[in-house]
Amino acid sequence: MTSQIPRYLSRRRVLGAAAASAAAMALPWPALAQDATPAATGEPIRSLTREEFLAQYLEERGYTDAATPGGTLIESNIADIQTVMPFLVEEDASSTIASLIFEPLIGGSVETGQPSPTALADSWEIAPDGRTYTFFLNQNATWHDGAPVTAADVVFSFDALADSETGSVYTGTFNASIESWQAIDDHTVEVVAREPLITVLYDLYSAFIVPKHIWESVPRAEWRNDAGATGTDPARVIGSGPFKFQEWVQGQSVTLVRNDQYYGKAPYIDSYVLSVWPDQTNAVNALLAGDIDSLELEPADVSTVEGAPGMVIAPYDTRDFTYYEFNLDPAVTTLWQDQRVRQALMYALDRESMVNDIRLGYGTVAQGTQPVISYAYAPEEITTVYDYDPERAKTLLAEAGWTDSDGDGVVDQNGAALAFEFLYPGGSPTWDQVAAYLQDAWRAIGVEMTPRSLEFPALIEATTTTPTFDVAGYSFLWDATFIQDAMFGCDQYQVGFNDMRYCNEEVDALNAEAKRTFDEDARRDLLIQVSNIVNDEQPIGVMFFSRRIYGFSDLLQNYVPSTWGIDYSYVWIQQ
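In terms of numbering that gives the first Met the number 0, the sequence shown opens at residue 0 and continues consecutively.
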């Protein structure tokens, strides 16, 4: 059996932290028309069982058996993880670690991101009402300390995720989708959605299950600083996944070891290490020296790594976008209250040059908010196209009342200059170049931006926990629904990814309708409408959709980086 384990080892935030680990399956709703829902047919919909799925999966994937099992897989990242508590994960390195240790009820496909029975539930059933989901837990699943995984753990975990005191960015999405949950018996859980929604199974990707007997004595408001989240007490970092936590040396590495008692397929490798490097140059040198096995490359790294003995280069399109976000809270700053100012900053950017000169062609200029692999990607249907037009940018600023009254080259209004700080992820040469370009491009239209890079945990803190920032840069990964309410929903401020405090009731209504729409073509139309509104209003400026590039050792077998993840259970190292 396989487990549901994603792989996102960069400076990105993630929606659906446990997004993938197995191949596509014939699953109920995403592929069915509106009239084929359970409510319409009057029949329950049953998923494939774990065994049925794996028979199909392994035939399609063509994995080789490990000729030389064992060894340590060393992956790398430029930023340290935030936490080992899965509810508190907000970015991809922490997501990888948490998803190797812990599991949700259901997994996902490394080919499509669709739900699959590859985590704690062997299968599930959706009742004719379209709201009631019954999950059947694997009866051999145990926690790393030997205690059985039961429905009581699931109920406890859902109670915690639903509580804003826990401090999870997934609480808003979970509560918007799920109405109730209960244990039917020790190995059966019933979950009731608020209404028939296309998103329910996807929303459960982030609903990791944690052991009740470890966490029930800790007040939820204290989970973030508990030794089970910081890793300072390995005996408290107890999951059910294929790897067990060994240690986290902050700023250096995280080490996991194989769970030989795993109820599914135990990994071929003995251990997994996430190695933290101070900068990209040192990480590339470590890859070439054989000190690490895999690294996400910056575009400029490709020429250095390509052709090196024993190296494989793997580029692929992604489900993410790279953007900057405005703080729209007037109590923090009033700079961004006028939509014309936000639009001006986008018109000032030559994004085609950014893709060609900074990304070296590994990307696509963003038109709207839907990434290139989304079924709702429709650049030809985006009504406002922000072609490079600095004169248009200056005109918009002037219309909004921003002019250079004192001749110092910076526009001002009521005696205050349009000047601000731009926060972005540190350790990335690409982000350094992006920030430098933004500074120059905005200065050319009379806007003064001061860039400041932060370690990723500090950036998260500055934009979410205490959101006192002006503008911040991020990349973001979407789940396979590509419904973007977790970022743009009015109710997602500080319980989701709406750092901006953006609110548009029409966007909320369209996203809500998209969640109820099982016909993909109709849902696509709704998402394009949302994309156009957000694109016009510019609470964020989506610059480009990236192609990722991974460099890794050719000794890694069954190792296929993709936008939906990688199945570590089958990776092995040729000796």
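Glycine included, every Cβ here is placed at the ideal spot set by N, Cα and C.
Residues bridged to Trp563 [DSSP beta-bridge criterion]: Paired residue(s): none; Trp563 is not in a bridge.
Quick one: using the 10 Å Cβ neighbour count with 16 as the cut-off for buried, is Thr463 buried or exposed? buried
Work out the CA separation of Leu87 and Asp407 for me, nearest whole Å. 45 Å
Cβ neighbours of Phe421 in the same chain (closer than 8 Å, five flanking residues each side left out): Tyr323, Ala434, Leu437, Gln438, Met448, Thr449, Pro450, Arg451, Asp469, Val470, Ala471, Gly472
Buried or exposed for Gly41, please, with buried defined as at least 16 other CB atoms from any protein chain shown within 10 angstroms of its CB. exposed
Between the beta-carbon of Phe134 and the beta-carbon of Val188, is there less than 8 Å? yes
Can you tell me the Cα-Cα spacing of Ala508 and Asp319, whole angstroms? 24 Å
Which runs of the beta strand (DSSP E) fall wholly inside the stretch 349–378 and span at least 3 residues, in chain order? 362–364
Tell me the rounded alpha-carbon separation between Tyr132 and Pro114. 13 Å
Where the beta strand (DSSP E) containing Lys393 begins and where it ends: Taken as a continuous stretch (DSSP letters only), Lys393 belongs to no beta strand (DSSP E), being part of the alpha helix (DSSP H) at 389–398.
Are three or more beta carbon pairs between the stretch 526–544 and the stretch 350–364 nearer than 8 Å? yes
How is the beta strand (DSSP E) around Tyr322 delimited, first residue to last? 319–325
What is the rounded straight-line gap between the Cα of Trp335 and the Cα of Leu396? 11 Å
What is the DSSP secondary structure of Thr149, reduced to helix, strand or coil? coil
Other residues of its chain near Glu297: CB distance less than 6 Å, five sequence neighbours each side excluded: Gln279, Pro428, Thr429
Determine the closest residue to Leu294 out of Glu390, Asp553, Gly360, Thr48, with distance taken between C-alpha atoms. Asp553
Nearest-angstrom Cα distance between Thr363 and Val371? 8 Å
Assign Val570 to buried or exposed, taking buried as 16 or more other Cβ atoms, counted over all protein chains shown, within 10 Å of its Cβ. buried
Leaving out five residues on either side along the sequence, give the residues of the same chain with a beta carbon under 6 Å from the beta carbon of Trp247. Gly230, Val253
Would you say the stretch 61–79 touches the stretch 262–279, given that touching needs at least three Cβ pairs under 8 Å? yes
Bounding residues of the beta strand (DSSP E) (the contiguous stretch that carries Lys264): First-last for Lys264: undefined, no H or E at that position.
Note down, in chain order, each residue of its chain lying with its Cβ closer than 6 Å to the Cβ of Arg193, except the 5 sequence neighbours on either side. Glu178
Span of the beta strand (DSSP E) around Ser179: 177–184
Given that a residue counts as buried once 16 or more other Cβ atoms are within 10 Å of its Cβ, and exposed if not, what is Arg45? exposed
Beta-carbon proximity of Phe155 to Glu102, cut-off 8 Å: no
Three or more C-beta pairs under 8 Å: does that hold for the stretch 87–97 against the stretch 193–202? no
Could you give the residue range of the beta strand (DSSP E) that holds Arg451? 447–453
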